[in-house]
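**Q**
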Amino acid sequence: QRAGATSIGLNILLPEEQVANVYTTMSMTFDHFFTRKVMLVKYAVAFVIMPGGLGTLDELTEVLTLMQTFKIRPFPVILYGGEFWRGFLDWLRSPVLARGFISEDGFTLVRVCETPEEVVEAIQKWHLEQEVVGKTALGE
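End of the sequence shown = 140 in the numbering used here, gap-free, step of one.
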């Protein structure tokens, strides 16, 4: 928001009241998780995943699955806070990767960042690399 960009919040109706955060320019509210997830990935050029619970893991694994199965165009997925995500990444590598349930390609889109500056740098670098190989952020 400070950079002048539009920030769209995608909220969900839950038994516990949820409100959009103060940094959103516009907010949309959904009744169902699946419709919210469609909108999360439809126009995304990056995902920055903050520490969270089962809903966060659901969204993270959904987007990685959709990319790995070529259902959506790839974009960088940033896990913010390496200490929080270390156990999850260790589990993905062993036993999940070790047993062949996922491929090594699944890790190429995931980056761990510790600061907002690292996040911006990782996203910009990924998109610049895509331009070099003739792809754009919109998969064109």
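Beta carbons: idealized from backbone N, C-alpha and C, even for Gly.
In the DSSP assignment, what residue or residues form a beta bridge with Phe101?
**A** In DSSP, Phe101 forms no bridge with anything.
**Q** For Val216, collect the residues of the same chain with a Cβ closer than 7 Å to its Cβ; drop the 5 residues on either side in sequence, then sort them by chain order.
**A** Because the chain here runs from 1 to 140, residue 216 falls outside it and cannot be looked at.
**Q** Skipping 5 residues on each side, what residues in its chain have a beta carbon closer than 7 Å to that of Phe88?
**A** Closer than 7 Å at Cβ, skipping near neighbours: no residue.
**Q** Who are the near neighbours of Leu40 in its chain, counting only those whose CB is closer than 7 Å to its CB and skipping five residues on each side?
**A** So the list reads Leu10, Glu59, once near-sequence residues are dropped.
**Q** Given 8 Å as the limit, is there contact between the region 23 to 32 and the region 66 to 78, that is, 3 or more CB pairs closer than that?
**A** The answer is no - the region 66 to 78 does not touch the region 23 to 32, with fewer than three Cβ pairs under 8 Å.
**Q** I'd like to confirm the pairing. Which residues does DSSP put opposite Phe30 in its beta bridges?
**A** In DSSP, Phe30 forms a bridge with Ile12.
**Q** So who's on the other strand from Tyr23, going by DSSP bridges?
**A** Looking at the DSSP assignment, Tyr23 forms no beta bridge with any residue, so it has no partner.
**Q** When the distance is taken between beta carbons, is Leu109 closer than 8 Å to Met67?
**A** Yes.
**Q** Could you have a look at Gln60 and say whether DSSP puts it in helix, strand or coil?
**A** This sequence places Leu at residue 60; Gln is not what is there. Of the three classes helix, strand and coil, the one that applies to Leu60 here is helix, per DSSP.
**Q** CA-CA distance, Gly4 and Thr24?
**A** Cα to Cα, the separation comes out at about 11 Å.
**Q** Can you list, in chain order, the residues of its chain whose CB lies under 7 Å from that of Gly82, leaving out five sequence neighbours each side?
**A** Excluding sequence neighbours, Gly82 sits near Val112, Glu114.
**Q** Express the C-alpha separation of Thr69 and Val45 in angstroms, rounding to a whole number.
**A** The alpha-carbon atoms of Val45 and Thr69 are separated by roughly 18 Å.
**Q** Enumerate in chain order the residues of its own chain whose CB-to-CB distance from Ala20 is below 6 Å, with the five nearest sequence positions on each side excluded.
**A** Once the five neighbours on either side are set aside, the close Cβ partners of Ala20 are Gly9, Asn11, Ser27.
**Q** Using the rule of at least 16 other Cβ atoms within 10 Å of the residue's Cβ for burial, across every protein chain shown, is Leu92 buried or exposed?
**A** So Leu92 counts as buried.
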